[in-house]
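Numbering (the numbering used here), first residue to last: -4 to 570. Cβ coordinates follow ideal geometry from the N, Cα and C atoms, glycine included. Quantities reported herein were computed from a predicted structural model and do not represent experimental measurements. Please read the structure below before turning to the comments.
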């Protein structure tokens, strides 16, 4: 990784003593709401239903220990998020932190990875939501056909509805998440407890297993490749808790609450996942027939398959089964919404700092939410969902889910490295700083980058993807669909970065966002805050200036544009 020269003040505290405002709603979220959004973003029920079967087939009975070990890089990365958020509580997260630590190009690619991962997963989430709507109402023929036109239609409407909720405002989003997550965690707990009680009382089906300590012994795993495959799959299951930091500017006590919520979210996920994985493995067993987790017919959805056996098929059992379906549906709904939230705020931050067009910084005056960023995220997601659903019978969608792991590993790992480099002059001041700002984040970053490199190698092989592309020209390689999606996504990002840098070079020359640039967030004083204080490069902005005026001040500070460069399009604020 190339490290570009940055300003390096000795003070390793907050970037600036005065805060500026992007226009988002201040203090809308507390610790509970932030934690709810973080946990809901991972979609625990959806992630387990779609991934647990693959994990068990790959690893065997040691799935519980892999669940725990996969938590380690997530926890280490959450420390990096917490420490960086204390110094720079900006909704751009990895984009902003990577830019301050390593320079504009590295930070820009970090922001692109966030956007790419979120857009890619939307197709899968919409498809699951569309299927479960029909399963919930007994239309099994449609619900079990992911490529159905009716499923596609409901999925499109689903994305549109979630986009509108995010457009209305973060407080509505948080309250909606509390209701959805309450259903989800309650049902996962009931599901797990009933399964374990049936195993203990001798009422589990044939092929069930008695919980054993050997399930928590990593040395019993078949080999290193199986272990790494399991870690990569679990990386997707844990992904999403960083949304707590993406909405930091709308959180009360924005320097501390988001970091606490990030760590708390990962702990809640660890407990939930270990309980569900252990109970499912114990009740269903690892067999390749019936409800066994090793049955290839059940790999894409193990929870609904186990539901009838655990709860029964009549009376209260039927009610609980349909509640289980509602749980997975609500999980997909929650994750759809909380996928839109961080993406819109990442592009908002990138726009404010002149890294992408100014239109993405447009804020609704009444709802105080990023309008263009939110709508564009929803629109692009719908378009990609339609395209993916029409290619290879929809098999491109599960390949896209697998491809997300590379994006996750990149921007999580980059955050870990950014933390250590940002605080490099502060690491020797105390043992706490050395471990929490240096060693642990770097260790997490190394783990994630190793998984990234291995995943690219693994998914290059066509046998490991649902789709394959054969090169029509020499050397006529057959390339796995997962690798191709990752390569294409990164290539588009690199091309877009260089194209925009030629049109609007100040950000990419390091003239807009540097280590000394004030953080553009509101003060936590409970009242509206005007845009005021010391501007970058000594530019003073009067009290009450608009966001557009603030962005113009950044332009003026950066100096005149290059000859032939395109100016930003003027933006009107919504009423």
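Does the distance from the C-beta atom of residue i to that of residue j stay below 8 Å?
{"i": "residue 71", "j": "residue 439", "result": "yes"}
{"i": "residue 410", "j": "residue 92", "result": "yes"}
{"i": "residue 95", "j": "residue 454", "result": "no"}
{"i": "residue 50", "j": "residue 228", "result": "yes"}
{"i": "residue 413", "j": "residue 79", "result": "yes"}
{"i": "residue 39", "j": "residue 264", "result": "yes"}
{"i": "residue 59", "j": "residue 211", "result": "yes"}
{"i": "residue 55", "j": "residue 217", "result": "yes"}
{"i": "residue 48", "j": "residue 293", "result": "yes"}
{"i": "residue 257", "j": "residue 77", "result": "yes"}
{"i": "residue 84", "j": "residue 443", "result": "no"}
{"i": "residue 231", "j": "residue 396", "result": "yes"}
{"i": "residue 235", "j": "residue 37", "result": "yes"}
{"i": "residue 495", "j": "residue 394", "result": "no"}
Ordered along the chain, which non-local residues of its own chain (more than five positions away) have a Cβ less than 6 Å from that of residue i?
{"i": "residue 389", "result": "141 and 142"}
{"i": "residue 305", "result": "189 and 190"}
{"i": "residue 373", "result": "154 and 158"}
{"i": "residue 367", "result": "354, 355 and 357"}
{"i": "residue 301", "result": "279 and 286"}
{"i": "residue 303", "result": "316"}
{"i": "residue 101", "result": "93"}
{"i": "residue 282", "result": "202 and 289"}
{"i": "residue 572", "result": "The first residue shown for the chain is -4 and the last is 570, placing residue 572 beyond what the model contains."}
{"i": "residue 408", "result": "440, 443 and 444"}
{"i": "residue 415", "result": "433, 436 and 437"}
{"i": "residue 209", "result": "215"}
Could you tell me the distance, in whole angstroms, from the CA atom of residue i to the CA atom of residue j?
{"i": "residue 532", "j": "residue 157", "result": "Residue confidence is low: residue 532 scores 32 on pLDDT, short of 50, so the model does not pin down where it sits. Its coordinate-derived value is still stated next. Distance between the alpha carbons of residue 532 and residue 157: 40 Å."}
{"i": "residue 420", "j": "residue 433", "result": "10 Å"}
{"i": "residue 86", "j": "residue 337", "result": "8 Å"}
{"i": "residue 277", "j": "residue 52", "result": "14 Å"}
{"i": "residue 75", "j": "residue 226", "result": "20 Å"}
{"i": "residue 364", "j": "residue 162", "result": "6 Å"}
{"i": "residue 406", "j": "residue 193", "result": "42 Å"}
{"i": "residue 129", "j": "residue 178", "result": "19 Å"}
{"i": "residue 579", "j": "residue 147", "result": "Because the chain here runs from -4 to 570, residue 579 falls outside it and cannot be looked at."}
{"i": "residue 380", "j": "residue 428", "result": "44 Å"}
{"i": "residue 125", "j": "residue 135", "result": "12 Å"}
{"i": "residue 268", "j": "residue 43", "result": "8 Å"}
{"i": "residue 332", "j": "residue 186", "result": "25 Å"}
{"i": "residue 110", "j": "residue 491", "result": "13 Å"}
{"i": "residue 119", "j": "residue 138", "result": "14 Å"}
{"i": "residue 45", "j": "residue 255", "result": "29 Å"}
{"i": "residue 108", "j": "residue 486", "result": "11 Å"}
{"i": "residue 298", "j": "residue 180", "result": "14 Å"}
{"i": "residue 425", "j": "residue 514", "result": "26 Å"}
{"i": "residue 510", "j": "residue 122", "result": "42 Å"}
{"i": "residue 173", "j": "residue 27", "result": "9 Å"}
{"i": "residue 310", "j": "residue 184", "result": "20 Å"}
{"i": "residue 385", "j": "residue 41", "result": "23 Å"}
{"i": "residue 371", "j": "residue 470", "result": "39 Å"}
{"i": "residue 483", "j": "residue 375", "result": "16 Å"}
Note down, in chain order, each residue of its chain lying with its Cβ closer than 7 Å to the Cβ of residue i, except the 5 sequence neighbours on either side.
{"i": "residue 182", "result": "318, 319 and 322"}
{"i": "residue 478", "result": "451, 454 and 455"}
{"i": "residue 497", "result": "none"}
{"i": "residue 175", "result": "35, 325, 328 and 329"}
{"i": "residue 112", "result": "399, 402 and 403"}
{"i": "residue 220", "result": "none"}
{"i": "residue 284", "result": "290"}
Below 8 Å on the Cβ atoms is my contact criterion, and I expect residue i with residue j to pass it. Report the Cβ-Cβ distance as a whole number of Å.
{"i": "residue 481", "j": "residue 451", "result": "7 Å"}
{"i": "residue 30", "j": "residue 260", "result": "5 Å"}
{"i": "residue 475", "j": "residue 463", "result": "6 Å"}
{"i": "residue 272", "j": "residue 62", "result": "5 Å"}
{"i": "residue 151", "j": "residue 446", "result": "That pair is no contact at about 33 Å."}
Whose CA, out of the options, lies closest to the CA of residue i?
{"i": "residue 213", "options": "65, 364 and 81", "result": "65"}
{"i": "residue 392", "options": "57, 100, 67 and 116", "result": "116"}
{"i": "residue 233", "options": "353, 97 and 330", "result": "330"}
{"i": "residue 512", "options": "99, 32, 37 and 69", "result": "99"}
{"i": "residue 314", "options": "466, 132 and 114", "result": "132"}
If I measure Cβ to Cβ from residue i and keep anything under 8 Å in the same chain, skipping five residues before and after, which residues do I get?
{"i": "residue 430", "result": "none"}
{"i": "residue 369", "result": "158, 161, 162, 335 and 339"}
{"i": "residue 345", "result": "87, 90, 103, 106, 351 and 355"}
{"i": "residue 207", "result": "56"}
{"i": "residue 205", "result": "194 and 277"}
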